[in-house]
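Working notes, beginning with the structure itself.
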Amino acid sequence: MKQLIQNWRTGEISLVEVPVPKVKSGYLLIKNHFSAVSIGTEKTMKSFAEKNLISKALARPDLTKKVLDFAKSEGLLEAYKQAMSRLDSPEPLGYSCAGEVIDVGNDIDEFRVGDIVACFGSGFASHAEMVCVPKNLCVKAPKKVSLEEACFAGIGAISLHAIRCANLSFGDRVAIIGLGLLGLIGIQIAKAAGYKVFAIDIDPKKVQLALKLGADKAGVIDKNNIKNKISSFSEKKGVDAVIIYASTKSNEPIELAAELVREKGRIVVPGLVGLTLPREEFYKKEIELVISRAAGPGAYDSNFELKGIDYPFSYVRWTEKENMKEFLDLLNEKKINLSNLLTHRFKLEEYDELYETLDKDKSVIGAVIEYKRKIDKKIKIEITKELKKEKEINIGLIGAGNFAKGTILPVISKIPFVNLRGVTTTKGLTSWHAAKKFKFNYATTNYKKMLEDKKINTVIIATRHNLHARFVCEALKANKNVFVEKPLALSVKELLEIEKNYKKSETQLMVGFNRRFSLYSQKVKKHIDDTKTLLINIRINAEKIEKDSWVYSEEGGGRILGEVCHFVDLMQYFTDSHPKIVYTQGLEKNPKENLITTILFENGSAGNIIYTSEGDPSFPRERIELIGNNSIFVIDNFRKLIISRNGKKIKERKIFSVDRGHKKEFEIFFNCLRDGKPMPVSFESYFYTTLATIAIQESLIKNKIVNLNELI
């Protein structure tokens, strides 16, 4: 299928052939008929993407600070690599579309194959021949509403939600500033609700169009005396609310709104405008200011949008989904007329003309992309030609997120005897981009097809954590060697299932516990080989992540299972012993990511792990201290090594980068496969690392000492 994308580094827009997305539980697979072009949003995205790196940094100081903090912790080189990897990722364009349901995921009762639906959501309702959209971002389109109109449901819901945020009553007076697509739709919604509307813009033609669409009064900024007209319109009291749909960096719209609104009135800003407020005016009138968020409640809530968990209807009446439905109902009842707003139509293949028109033609109000009725539904796209001579190791990659593209693939793509054969993700664009960038032979959205590929002898699993165990078992059953990113499993049940399949298989397994392969870890290991027991202290100054991140959900399993496992493995590496007893305590605030755990090992060694997200992100992230046999070893964030032994100190330091062992880890993995040698880490070690990590969480939750033998 074909999809429009934009490169964030260069701003280039292109039409690419990608695999059809795989329908997931709670999602719909939809064949697009039309998608709406949001003029303001897409011009803003294009403008930002075309900026150079310095201009991008100045435009987004929040992201720049994160990169600088990351550089302080991980080194300039690693920060640059990660930033460039993210900028190089393609961005799907579009967020409002309409089409026909051709497949339905599990746990969906309200939709069927053949339904005509309108869809919404950045990254979902894209400019693509086929889209996979969560059910809470889809609504059925009324039969009398054309799909050309229905594709504006998401945009219409944004306009509608802004009007709801104004808290108006029947007969209230509202001024609408900015008569682009959102503003012109907003006029009609406001009139349908029984409000009196005064429309304002800098373009006389749009002011005339606003009157044609039902505005009671209208005026051109700077040419008409807007303040006097509003005074007359509102019986000298000021309007009850002002809604600013304009898009400008200027503060003029908010300043004008403050002058036009009545005392204790409300200003709603769905548009992107300057927000340096005229305090005196806001103070004298006690004005309320609301920044309306997208299409309504549910926006940016992963439980609502991605997991399909709706709010109680009695408490949250107008979610973004209900707003989409209401907009379509208004279209169905002919209370909204889009015919005068649909100024331009393009075929998907005419995308160059589309974006050139957006840049040059100021008459564009509403534009749509129309799709062919017959499309290529390939789930596998060939990227490079088959090699004449098959290389020794052929890779199939499952999952191609930021870590895979920013860390794993840059390393393994440089190993000469490794061939990157197939990559699979649920989103066709993601697999296509990874395949194109790193020269895989093909991209697909069906992982089973890849496991059936007899040329692939090794599978790398880099999905979200809840899928690791399942894919490990399936890959082992398919007789593939496996490299799986940490964690190996999220539960004892999963761990035992992997153990069973591993014992039956004739292939090899490695888990991505990379820190033991760091140069500094290996240097310390050589020095402590004659030390029988060790005291180890590891401190992790972890970054804060968003509360609704997938890491905290069932997909991630939390930060203990997802990351603390790294340091349990590192302790096993240094002690050459398995953990046997675990005791964990946490802070009252976010205990599952602010904790201290003590681990006792079978050989008498003991270790502490302090893991916290309450530190300063610019401070070095990790510090490992080992004490034993009259020696102290310190690894400071894998950039600095200190060895103090017999009164002598050895210091080493890396300036530009952090070595956490990723490169060495993959070199060893592939060398072992090529040479037919066993992996340097036993399955037993992986088993105990995973079991001990599960015990850490168990100890924290139940506030007790946990003996690992109790768990199995």
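Residue numbers (numbering that gives the first Met the number 0): 0 to 711. The beta-carbon is built from N, C-alpha and C at its ideal position, and this holds for glycine as well.
Looking at the DSSP output, residue 393 bridges to 418. The C-alpha of residue 610 lies about 40 Å from the C-alpha of residue 10. The beta carbons of residue 191 and residue 326 sit no closer together than 8 Å. Boundaries for residue 464: no alpha helix (DSSP H) harbours it, and the DSSP string shows neither H nor E there. The count of Cβ pairs closer than 8 Å, one atom from the region 687-705 and one from the region 568-587, reaches three, so the stretches are in contact. Collapsing the DSSP output to three states places residue 123 in coil. In the structure shown, residue 630 falls within a strand segment according to DSSP collapsed to helix, strand and coil.
A distance below 6 Å between beta-carbons, with the five flanking residues on each side excluded, links residue 586 to the following residues of its chain, in chain order: 593.
Secondary structure of residue 243 (DSSP, three-state): strand. Going by DSSP, residue 289 is part of no alpha helix (DSSP H) but of the beta strand (DSSP E) stretching over 287-289.
Of the residues 475, 669 and 177, the one whose Cα lies closest to the Cα of residue 220 is 177. In this structure residue 366 is in contact with residue 38, their Cβ atoms being roughly 7 Å apart against a cut-off of 8 Å.
Between the region 542-556 and the region 636-651, the count of C-beta pairs closer than 8 Å stays below three; the two stretches do not touch. Taking C-beta atoms as the reference points, residue 304 and residue 295 fail to come closer than 8 Å. Between residue 698 and residue 581, the CB-CB gap stays under 8 Å. Rounded to whole angstroms, the gap between the alpha carbons of residue 131 and residue 521 is 46 Å. At least 8 Å separates the beta-carbon of residue 458 from that of residue 491.
Scanning the region 129-216 for uninterrupted beta strand (DSSP E) segments of 3 residues or longer gives 129-133, 137-139, 172-176 and 195-200, listed from N- to C-terminal end.
Residue burial is scored here from C-beta neighbours: residue 372 has fewer than 16 other C-beta atoms within 10 angstroms and is therefore classed as exposed. Membership of residue 456 in any alpha helix (DSSP H) is not indicated, and neither H nor E is assigned to it by DSSP. Across the structure, residue 159 and residue 264 are spaced so that their CA atoms are roughly 19 Å apart.
Scanning the region 562-633 for uninterrupted alpha helix (DSSP H) segments of 4 residues or longer gives 564-574, listed from N- to C-terminal end.
Three or more beta-carbon pairs separated by less than 8 Å are not found between the region 498-507 and the region 693-709, which leaves the two stretches without contact.
Annotation: the continuous alpha helix (DSSP H) that includes residue 429 extends over 427-437. By the neighbour-count definition (other C-beta atoms within 10 Å, threshold 16), residue 275 is an exposed residue.
Residue ranges of uninterrupted alpha helix (DSSP H) with 4 or more members, entirely inside the region 465-520 and ordered along the chain, are 467-476 and 491-503. Inside the region 274-325, DSSP marks whole beta strand (DSSP E) runs of 3 or more residues at positions 287-289, from first to last along the chain.
Secondary structure at residue 265: strand, using DSSP grouped into helix, strand and coil. With contacts defined by Cβ atoms closer than 8 Å, residue 291 and residue 268 form a contacting pair.
For residue 558, the secondary structure class from DSSP, reduced to helix, strand or coil, is helix.
The C-beta distance from residue 19 to residue 427 rounds to 6 Å, short enough to meet the 8 Å contact threshold.
According to DSSP, residue pairing for residue 343 in a beta bridge involves 366. A distance below 8 Å between beta-carbons, with the five flanking residues on each side excluded, links residue 144 to the following residues of its chain, in chain order: 327, 330 and 331. Secondary structure at residue 398: coil, using DSSP grouped into helix, strand and coil. Contact between the region 166-182 and the region 205-214 is present, with at least three C-beta pairs closer than 8 Å. In this structure, the straight-line span from the alpha carbon of residue 245 to that of residue 237 is close to 20 Å.
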